[in-house]
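Final position of the sequence shown in our numbering is 606; the numbers increase by one with none missing. Please read the structure below before turning to the comments.
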Amino acid sequence: MSKTFADFSLDESLTQALDALGFTTPTPVQEQAIPAALEGKDLLVSSQTGSGKTAAFLLPTLNALANQDTLVPFKDRMKAVTQPNILVISPTRELAQQVCQDAIAFVRHMKGVRIAAIMGGMPFGKQIQQLKGAQVVVATPGRLLDLVNRRQIKLDKVDALIVDEADRMLDLGFSEDLEAIGELAANRKQTLMFSATFAPRIITLAERMMNDPMRISIETGHSTNTDITQTLHWTDGFEHKKKLLTHWLNEEDVDQAVVFASTQEDTDMLAEELAEAGLSVVALHGAMPQTVRNRRLRSIREGRAKILVATDVAARGLDVPTISHVINFGLPMKNEDYVHRIGRTGRAGRTGKAITLATYRERGKIRALEDFLDARLNVSEIEGLEPSPPPARGSRDGAGRGRGRDGGRRDGGRGGFGGGRRFEGESNFKRREGSDDRPRRSFDDKPRGERPAFGEDRPRRDFGDRPAPRREGGFGDRPQRSFDDRPKRDFGDRPAPRREGGFGDRPRSNDDNRGNRVDYKPAREGGYGDRPKRDFGDRSAPRREGGFGDRPTRSFGDDRPKRDFGDRPVRRNFDDKPRGERSFGGEDRPRRKFND
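As structure tokens, this is what we get:
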């Protein structure tokens, strides 16, 4: 016989809140974790996303708070430095806000209980005010430690420390912060840690922070909610993905949807294009100010927006029961993130759909994901939006350079997945003409017009002395040369100017010509080169157009009279530098000494 929340003998105020929220039957993780936590045990819990973990750690700790006989009066708490009884650590701001909202819903019938969420991206002053007198604090690690250092909060009276999404916490590099928080809350009576997996690093963290924890594993982190239908669509590339995305978002059974993109740029672009198509959409990613993120999440929770386009910043902590569809426009970086992404739907006993859009170049990632899930994704096609046929196994089509965005092949040569044209549009990145049709040849068997073969004598040319552009075709079209076949020249023996854009645009000068140094850029129309280059003293002649090669060729010591340092006519002392017909301060003033 399954249990009900009434079987847990929770405080009456919590029971009333659960009844108002419609909670009657606990989920498997709640059924096992709540009784053990009510006994005061340390718990290390592994459960899939969307399984009700938040209630599993909030209800027993709030119950202990409600049964305390010595609660500090509210007025006294407001005057003193905040010393919470329950501390929840969350890896992301969105998750912290979600946990805070759930806690507020649970304590609606508990008098005098104050709850605060503190996180980065929000003004310090406002959060310090919200923190005053709070008995339950939900925080991200960095902001919490900042407030501890500012002496706005003390953790010495924490009774229960809860680490939510511990695996994600370690992914974000919060290991040291967690241990520091654990030391600051050393007087706690109980530690609860929730994670998607019991990975070795999680066990190591638990050993440092917990006292003989009881392990509860409902399902492995690799499993997904069976109420979610998972579908895979193979695509020809970015434009094909957008057509499939539009198709799915216009389906009648879509209540609300989350579209996951791989980058912030794609997130903004997709949201903008969907809005132009007349859909109610908001975008969310980590580069946005926290106030904007809060406002947009609120519009999704309140149903004012139908579609959320987001990066993985929203994959954890977004709990909106009306989200019916999750669409993976871009694949996640980690397989674990896929589980958390699709966990945004199918919540609270509802069903949901998870659609993944991938190109054949991402076959390896899909296979790795299926191995991780120990299941195969159901491949589906939409009539009129079918992908091009996949390339034959062992072909070179999957290893070329001409790949499109999100792995899709660009146009030119064989488009799509290996045959036919690309789904839509023409790429700016053309493949070399006939690259797939020409026979494969070895390096020794490539005739290159009438060019000399490898090792034959030919005059060496400077980089700038290439009269003809390179032929299309890649590295193989470049003539092969031997170092020994090049006539040796001195540094100055470069007769031809270098072509525009290369390293030769920066002229080089030797030590004997410092007084007549040329500019770094050749004279160009409309640029710095329009001004004639002159010496500090009197540079009357403009510099000739061109680069380094326009100078007469000279060796270091060749046909240049050796001068002493004082015998250079171009460089003069400050005492005798005429500038036109004027001296620096007036008419031929005699030079005076400094103290004269």
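For every residue, glycine included, the Cβ atom is placed at its ideal position computed from N, Cα and C.
Counting along the chain, residue 77 sits inside no beta strand (DSSP E), nor does DSSP assign it H or E at all. Setting aside the 5 residues that flank it on each side, residue 330 is surrounded in the same chain by 266, 310, 311, each with a C-beta closer than 7 Å to its C-beta; the list follows chain order. Ranked by Cα distance from residue 245, the first of 398, 76, 103 is 398. Between the beta-carbon of residue 115 and that of residue 148 there is about 13 Å, and that puts the pair past the 8 Å contact cut. The alpha-carbon separation between residue 248 and residue 154 amounts to approximately 41 Å. Scanning the stretch 242-270 for uninterrupted alpha helix (DSSP H) segments of 4 residues or longer gives 248-259, listed from N- to C-terminal end.
CA-to-CA, the gap between residue 171 and residue 387 works out to about 39 Å. In the pairwise beta carbon analysis, the stretch 355-365 is classified as touching the stretch 332-342: at least three pairs are separated by under 8 Å.
Residue 286 and residue 276 have their C-alpha atoms roughly 15 Å apart. Within a 10 Å sphere around the beta-carbon of residue 353 sit 16 or more other beta-carbons, which makes this residue buried. Residue 44 sits in a helix when the DSSP states are folded into three classes. If you look at residue 200, you'll find it in the beta strand (DSSP E) that goes 200-205. Per DSSP, the unbroken alpha helix (DSSP H) holding residue 179 starts and ends at 176-181. Residue 382 places its beta carbon 7 Å or farther from that of residue 271. Exposed is the label assigned to residue 213, since fewer than 16 other Cβ atoms lie within 10 Å of its Cβ.
The C-alpha of residue 99 lies about 22 Å from the C-alpha of residue 294.
Secondary structure of residue 301 (DSSP, three-state): helix. One Cα belongs to residue 374, the other to residue 243, and the distance between them is close to 15 Å.
Apart from the 5 residues on each side of it in sequence, residue 227 sits with its Cβ closer than 7 Å to the Cβ of 56, 208 in its chain, given in chain order. Across the structure, residue 284 and residue 37 are spaced so that their CA atoms are roughly 37 Å apart. Note: residue 363 is bridge-paired with 239, 335 in the DSSP secondary-structure output. In this structure, residue 323 lies away from residue 268, with their beta-carbon atoms at least 7 Å apart.
Here DSSP, grouped into helix, strand and coil, assigns residue 369 to strand. Sixteen is the threshold: since fewer than 16 other Cβ atoms of the shown chains lie within 10 Å of the Cβ of residue 290, the residue is exposed. Taking all protein chains in view, the Cβ of residue 78 is surrounded by fewer than 16 other Cβ atoms within 10 Å, so the residue is classified as exposed. Beta-carbon to beta-carbon, residue 150 and residue 103 are separated by about 6 Å, close enough to satisfy the 8 Å threshold.
The residue from 191, 215, 319, 167 with its alpha-carbon nearest to that of residue 181 is 215. Less than 7 Å separates the beta-carbon of residue 127 from that of residue 110. Take residue 50, set aside five residues on each side of it, and the residues of its chain with a beta-carbon closer than 6 Å to its own are 200, in chain order. Take the alpha-carbon of residue 210 and the one of residue 253: they are about 42 Å apart. Here residue 173 carries a strand assignment [DSSP, helix/strand/coil].
Excluding residues up to 5 positions away in sequence, 365, 388, 390 lie with their Cβ nearer than 6 Å to the Cβ of residue 241 in the same chain.
In the DSSP annotation of this structure, the continuous segment of the alpha helix (DSSP H) that includes residue 115 starts and ends at 103-116. Linking residue 341 to residue 371 through their CA atoms gives a straight-line distance of about 12 Å. Cβ-Cβ separation between residue 175 and residue 72: approximately 20 Å, too far for a contact (criterion under 8 Å). At the C-beta level, residue 165 and residue 195 come within 7 Å of one another.
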